[in-house]
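Position 108, counted from 1, in the sequence shown is what our numbering calls 108; the numbers after and before it change by one each time, with no gaps.
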Amino acid sequence: MKRKIIINTMIIVIAAVLLTFFSVTAIMYAHSVESLKSGTKHEAKILKISIEQEGVRLLEQEDFWSEDRRVTIIGKDGRVIYDSVIDADTLDNHKARPEVSQAFVKGEGEALRTSETMQKKVYYYAVKLEDGTVLRVSSSMDSIYRMMLGMVPYMVLLIAVIIGISVAVICVETEHMVRPINEVNLDKPLEEPMYEEFMPLLTRMDHQNERIRIQMEELKQAEGMRREFSANVSHELKTPLMAISGYAEIISRNMVKKEDIPEFAGRIYKEATRMTRLIEDIIKLSRLDEQSDIMPFESVNLNQITSEIVDTLQVVARKRHMTIYVDGEMPDIYGVRQVIYDMLYNLCDNAVKYNKDGGYVHILIQPSEKEGYAVRWSVRDTGIGIPEDEQERIFERFYRVDKSHSRETGGTGLGLAIVKHGAKLHDALLEIESHVGEGTCISVEFPMDKAAAI
Numbered sequence: 001m002k003r004k005i006i007i008n009t010m011i012i013v014i015a016a017v018l019l020t021f022f023s024v025t026a027i028m029y030a031h032s033v034e035s036l037k038s039g040t041k042h043e044a045k046i047l048k049i050s051i052e053q054e055g056v057r058l059l060e061q062e063d064f065w066s067e068d069r070r071v072t073i074i075g076k077d078g079r080v081i082y083d084s085v086i087d088a089d090t091l092d093n094h095k096a097r098p099e100v101s102q103a104f105v106k107g108e109g110e111a112l113r114t115s116e117t118m119q120k121k122v123y124y125y126a127v128k129l130e131d132g133t134v135l136r137v138s139s140s141m142d143s144i145y146r147m148m149l150g151m152v153p154y155m156v157l158l159i160a161v162i163i164g165i166s167v168a169v170i171c172v173e174t175e176h177m178v179r180p181i182n183e184v185n186l187d188k189p190l191e192e193p194m195y196e197e198f199m200p201l202l203t204r205m206d207h208q209n210e211r212i213r214i215q216m217e218e219l220k221q222a223e224g225m226r227r228e229f230s231a232n233v234s235h236e237l238k239t240p241l242m243a244i245s246g247y248a249e250i251i252s253r254n255m256v257k258k259e260d261i262p263e264f265a266g267r268i269y270k271e272a273t274r275m276t277r278l279i280e281d282i283i284k285l286s287r288l289d290e291q292s293d294i295m296p297f298e299s300v301n302l303n304q305i306t307s308e309i310v311d312t313l314q315v316v317a318r319k320r321h322m323t324i325y326v327d328g329e330m331p332d333i334y335g336v337r338q339v340i341y342d343m344l345y346n347l348c349d350n351a352v353k354y355n356k357d358g359g360y361v362h363i364l365i366q367p368s369e370k371e372g373y374a375v376r377w378s379v380r381d382t383g384i385g386i387p388e389d390e391q392e393r394i395f396e397r398f399y400r401v402d403k404s405h406s407r408e409t410g411g412t413g414l415g416l417a418i419v420k421h422g423a424k425l426h427d428a429l430l431e432i433e434s435h436v437g438e439g440t441c442i443s444v445e446f447p448m449d450k451a452a453a454i
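Structure (structure tokens):
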């Protein structure tokens with residue numbers, strides 16, 4: 001960056017110096033030409049007066065005219081009578097020369113052209129005398145060119161000095177300008193003052209650092225959760241496997257009476273079923289974590305899903321003399337049908353499992369009263385309730401409020417974790433209200449953008 005700044009600034013400085021040089025040269029040249037013309041005219045007018053008073057013989061004096069001037073007298077017929085530089089007899093007729101013809105007609109004339117005689121660029125000024133002849137004074141442009149050429153070494157030296165000083169100043173200033181940039185604290189870019197122009201960039205860097213820090217913390221938490229989950233899975237799978245292995249070993253060694261074999265087989269089946277449910281729940285959670293494309297969103301009828309779930313749970317509810325009823329009806333929502341089914345099933349299943357015999361389960365589907373949400377689905381039971389200090393943890397994987405009762409009911413400890421991840425997938429809001437010994441109400445609020453037909 002420093003090198004680029006120096007190079008770009010050097011180009012600008014050199015361009016500015018050269019532009020200044022050529023502009024000054026052009027101005028000086030124009031000024032010199034005007035001075036040359038003015039001087040030539042002035043000298044011609046003085047000569048005119050002198051010649052008219054003393055005659056042409058005045059011109060024969062050696063020191064009368066300047067070395068840079070050429071004086072010529074042209075007769076009425078255009079023949080050269082006198083020339084201060086060249087023998088007049090060798091010159092051709094000058095009557096057709098522009099400045100001479102103008103002088104014969106208007107009394108004076110001028111022209112700037114290359115002299116056929118001297119092969120130089122020359123300025124001519126002609127004035128008509130009283131006797132009808134024409135006095136012409138000319139000045140060579142060589143004097144101007146010599147002056148310009150004489151200035152070139154000084155101008156080159158001046159340009160070199162300016163460029164040298166500019167390079168030194170640029171290097172110092174660039175060093176001062178770049179140093180704060182090189183010394184920016186990338187971890188805390190806003191900690192020290194910086195150029196105002198860099199503040200948007202540094203602000204974005206600070207925000208990016210904050211996002212990275214949050215992501216790193218999330219990754220650490222996720223890694224911790226993964227390790228804990230792996231340990232819990234191992235423990236949860238080990239328990240039914242040990243039970244199955246133990247029962248099978250007893251049967252294989254004929255240590256069980258024939259009439260007791262069905263009971264042991266039933267225990268093996270129960271543990272195998274529990275292990276199967278656990279594996280299925282783990283797979284469901286993995287898919288929700290990945291949020292893969294194999295879960296397409298579609299129009300989902302909450303009333304129909306709720307009806308299917310109630311029909312499935314009615315057998316268990318009747319055995320325990322529970323009543324399940326549903327109120328409300330809402331239009332379809334937009335979501336993943338299987339995930340929504342698993343969410344609502346787990347909530348209803350828990351409402352039945354952890355309920356009291358003879359209790360009830362009330363499912364309510366209604367418009368949401370919260371801003372930004374369209375549908376509220378809730379399930380209320382008359383069960384054991386959840387202590388207030390544990391209500392925030394019930395959605396953690398393998399967390400159980402009543403661990404012994406969970407074992408008896410065949411729970412995997414992943415049901416509410418599936419509910420939490422399913423709600424996150426649908427941007428839904430989960431709320432819980434519970435009192436120990438009185439019951440629990442869990443609601444799911446689906447947002448407006450998931451309302452397919454509202």
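Just so you know, even glycine gets a beta-carbon here, dropped at the ideal spot from N, CA and C.
Same chain, Cβ closer than 7 Å to residue i, five either side skipped, listed in chain order
i	result
Met448	Gly372, Tyr373, Ala374
Pro98	Gly109, Ala111
Asn8	none
Val13	Ile163, Ser166
Ala248	Ile268
Ile454	Unreliable positioning characterises Ile454 in this predicted model, as indicated by a pLDDT of 44, which lies under 50. The coordinate reading is nonetheless provided below. Excluding sequence neighbours, Ile454 sits near Pro331, Ala374.
Residue i, DSSP secondary structure in three states
i	result
Ser84	coil
Ala111	strand
Lys270	helix
Arg3	helix
Gly437	coil
Glu445	strand
Asp260	helix
His321	coil
Thr382	coil
Gln221	helix
Glu431	strand
Lys356	coil
Glu175	helix
Ile394	coil
Pro98	helix
Pro331	coil
Ser406	Residue confidence is low: Ser406 scores 48 on pLDDT, short of 50, so the model does not pin down where it sits. No coordinate-derived value is stated.
Thr9	helix
Arg213	helix
Ser368	coil
Leu157	helix
Glu130	coil
Lys106	helix
Lys45	helix
His495	The structure shown has nothing for residue 495, since the chain only spans 1 to 454.
Val316	helix
Close beta carbons around residue i, own chain, < 6 Å, minus the five adjacent residues each side
i	result
Ala16	none
Ser50	Leu58
Glu438	Gly385
Pro240	Glu271, Arg274, Met275
Ile432	Gln391, Ile442
Lys76	Gly132
Phe21	Met155
Arg253	none
Gln366	Gly328, Arg376
Met141	Lys121
Residue i vs residue j beta-carbon contact at 8 Å
i	j	result
Glu445	Arg337	no
Val152	Thr40	no
Leu344	Ile386	no
Val80	Phe104	no
Rounded Cβ spacing between residue i and residue j (contact assumed at less than 8 Å)
i	j	result
Leu190	Leu202	6 Å
Ile305	Ile340	6 Å
Glu43	Arg69	6 Å
Ser139	Leu36	5 Å
Contact set for residue i: own chain, Cβ-Cβ below 8 Å, skip 5 residues either direction
i	result
Phe264	Tyr247, Ile250, Ile251, Val256
Phe297	Tyr334, Gly335, Val336
Thr114	Lys120, Lys121, Val122
Tyr82	Val56, Leu59, Val71, Thr72, Ile73, Ala88
Gly358	Arg320, His321, Met322
Met10	Ile163, Ser166, Val167, Ile170
Segment contact, 8 Å Cβ cut-off, at least three pairs: the region 381-398 with the region 350-369: The region 381-398 is in contact with the region 350-369.
Validate contact between the region 153-172 and the region 85-93 using beta carbons, cut 8 Å, 3 pairs: Note that the region 153-172 does not touch the region 85-93; fewer than 3 beta-carbon pairs, one per stretch, sit closer than 8 Å.
Validate contact between the region 424-432 and the region 311-321 using beta carbons, cut 8 Å, 3 pairs: no
Stretch-stretch touch, CB-based, cutoff 8 Å, three pairs: the region 327-334 with the region 344-360: Touching, no.
The region 42-49 touching the region 121-132, judged by at least three CB pairs closer than 8 Å: yes
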